[in-house]
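Quick note: the sequence shown uses our numbering, first residue 1, plus one each step.
Note that CB positions come from ideal geometry on N, CA and C, so glycine has one too.
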Amino acid sequence: MATHKARGVIFIHSAPRALCPHLEWAVGRALGRAVSFDWADQPVLGGSRRAEFYWEGAAGTGSALATAIRGWEHLRFEVTEDPTPRSDGGRWLHTPGLGIHYAQTDTAGNVVIGEDRIRYAMELAGGDAFELRRELDVALGAAWDEELEPFRHASDDAPVVWLHKVG
1 MATHKARGVI
11 FIHSAPRALC
21 PHLEWAVGRA
31 LGRAVSFDWA
41 DQPVLGGSRR
51 AEFYWEGAAG
61 TGSALATAIR
71 GWEHLRFEVT
81 EDPTPRSDGG
91 RWLHTPGLGI
101 HYAQTDTAGN
111 VVIGEDRIRY
121 AMELAGGDAF
131 ELRRELDVAL
141 GAAWDEELEP
151 FRHASDDAPV
161 VWLHKVG
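If you want it as structure tokens, here you go:
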């Protein structure tokens with residue numbers, strides 16, 4: 001049986017300088033090989049650094065990566081895992097104040113909210129449209145996106161790396 005490789009990206013949006021080598025070590029340990037990030041200053045938060053790292057591994061590696069780097073104070077990150085023919089995609093968001101949020105993603109990168117979560121939101125909301133909106137925002141990770149958005153824009157000037165797969 002063929003093993004389906006997953007791939008994704010780790011976005012370290014802000015990390016204290018002293019934490020950078022520890023993050024590389026933790027990611028390397030989760031991937032089973034040494035890694036080195038291209039660190040850059042994070043202009044949104046003075047004294048912090050940012051990095052993007054493209055990874056490949058077995059399906060489920062995104063979860064292992066998010067677990068490996070969560071829990072450090074002052075760390076903001078995203079981990080994405082693209083879906084494979086046999087596994088869903090995922091997106092893990094972390095901020096110091098909100099903790100970690102996981103969402104399943106489809107092949108286009110859209111967040112997928114399961115039927116049970118929608119039913120739960122409707123049950124909690126009763127007939128209150130504002131409460132339903134609040135519950136769906138929680139399911140989508142809106143608070144995490146709102147906090148991370150300024151940090152994401154800091155990468156707009158980052159160099160673009162084109163990846164090609166031939167054959």
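Item to complete: Note down, in chain order, each residue of its chain lying with its Cβ closer than 8 Å to the Cβ of Glu73, except the 5 sequence neighbours on either side.
Response: Pro96
Worksheet item: Taking the Cβ atom as the reference point for each residue, do Glu24 and Val35 lie within a distance shorter than 8 Å?
Response: yes
Worksheet item: Within 10 angstroms of its Cβ, does Pro83 collect 16 or more other Cβ (buried), or is it exposed?
Response: buried
Discussion item. Less than 6 Å between C-beta atoms, sequence neighbours within five positions excluded: which residues of the same chain meet that for Trp162?
Written reply: Note on Trp162: pLDDT 43, under 50, position unreliable in the model; the coordinate value appears next. So no residue of the chain qualifies.
Discussion item. Could you tell me which whole alpha helix (DSSP H) segments of length 4 or greater appear in the stretch 14 to 76?
Written reply: 20 to 31 and 61 to 69
Item to complete: For the stretch 107 to 150, list the alpha helix (DSSP H) runs that are entirely contained and at least 4 residues long, ordered along the chain.
Response: 115 to 125 and 129 to 140
Worksheet entry | Inter-residue spacing [alpha-carbon to alpha-carbon] between Tyr120 and Ala142 | 17 Å
Item to complete: Can you grab the Cα-Cα spacing for the pair Asp116 / Ala139, in whole Å?
Response: 11 Å
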